[in-house]
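Protein chains in written order, with the numbering used here: chain A, 228 to 343; chain B, 26 to 139. Ideal Cβ positions, reconstructed from N, Cα and C, are used throughout, including at glycine. Have a look at the structure below, then the notes.
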Amino acid sequence: AQKVTQAQTEISVVEKEDVTLDCVYETRDTTYYLFWYKQPPSGELVFLIRRNSFDEQNEISGRYSWNFQKSTSSFNFTITASQVVDSAVYFCALSEVQTGANNLFFGTGTRLTVIP
Amino acid sequence: EPEVTQTPSHQVTQMGQEVILRCVPISNHLYFYWYRQILGQKVEFLVSFYNNEISEKSEIFDDQFSVERPDGSNFTLKIRSTKLEDSAMYFCASRTQGSLYEAFFGQGTRLTVV
Chain A
228 AQKVTQAQTE ISVVEKEDVT LDCVYETRDT TYYLFWYKQP PSGELVFLIR
278 RNSFDEQNEI SGRYSWNFQK STSSFNFTIT ASQVVDSAVY FCALSEVQTG
328 ANNLFFGTGT RLTVIP
Chain B
26 EPEVTQTPSH QVTQMGQEVI LRCVPISNHL YFYWYRQILG QKVEFLVSFY
76 NNEISEKSEI FDDQFSVERP DGSNFTLKIR STKLEDSAMY FCASRTQGSL
126 YEAFFGQGTR LTVV
């Protein structure tokens, strides 16, 4: 069965510090997608990134970067030079291709607080 | 930019009442989803819908729940007889054909059962 673990429940950092959010997943599928979503205090879910299981290349987008390592089943998310606006709950999610419907299985989320 | 729209943003209902949560997915999308998030908890999959029928549903999606696409644009979630534990944020999502594409989420409907 699929599973997404975000062991860090809450993290607090001071503005401008770097922070890494961990995500470990389990799946029997060989083809799957991994996602990160941001949920700010307003409650909506904001898509950040999608990564497929065949693409282990790390990605950088501005202050955000993602490290996908299949060997350790991890898909970690780093925010460089954090800002107060980064304060939110961040969810890692897994989608297995086998079912065809591509439902998302979410982790329990990490609440990030950036202190000014 | 196209977006998924949900109404209402907040609904309060009495226990035992029926509620209908409404969603307008992005117009060229073919797959539709409902997810639920109990306050402070993770987002949980409820049901997926494709080609006018349910393609998959979770254990949460019992006989009290139903979905419908009544007119080709709206996608609704009905809870027949609400319970206190149905209080949650309900998210609608849609995506286009092919597994390459991520689902786009609506802003959510907060349901409070009193």
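Under the DSSP assignment, A/L272 falls outside any beta strand (DSSP E); it carries neither an H nor an E label.
A/L248 is positioned such that its CB atom lies no closer than 7 angstroms to that of A/T335. The Cβ-Cβ distance between B/F57 and B/S119 falls below 7 angstroms. Using a CB distance cut-off of 7 angstroms, A/L272 counts as an interface residue toward chain B. About 5 angstroms separates the beta carbon of A/T254 from that of A/Q229, a gap short enough to meet the 8 angstroms contact definition. Near chain A, meaning a CB-to-CB distance below 7 angstroms, the residues of the region 85 to 115 of chain B are M114. In this structure, the alpha-carbon of B/H35 lies about 9 angstroms from that of B/M114. DSSP, reduced to helix, strand and coil, places B/T121 outside both helices and strands of the structure shown, so it counts as coil.
Using a 10 angstroms sphere on the CB of A/E286, the tally of other CB atoms stays under 16, which defines it as exposed.
Between A/S309 and A/V246, the C-beta spacing is below 7 angstroms. With the criterion set as a beta carbon lying under 8 angstroms from some beta carbon of chain A, the members of the region 67 to 78 of chain B are K67, V68, E69, F70, S73, Y75, in sequence order. Contact of A/R277 with chain B by beta-carbon distance below 7 angstroms involves E127. Any Cβ of chain A closer than 7 angstroms to the Cβ of B/G65 would place that residue at the interface, and such an atom is absent. Annotated as distal: B/R47 and B/T121, with beta-carbon spacing of 7 angstroms or more. Annotation: B/Q122 has no Cβ neighbours in chain A at a cutoff of 7 angstroms; minimum Cβ distance is about 11 angstroms. Rounded to whole angstroms, B/K108 and B/V44 show a C-alpha spacing of 11 angstroms.
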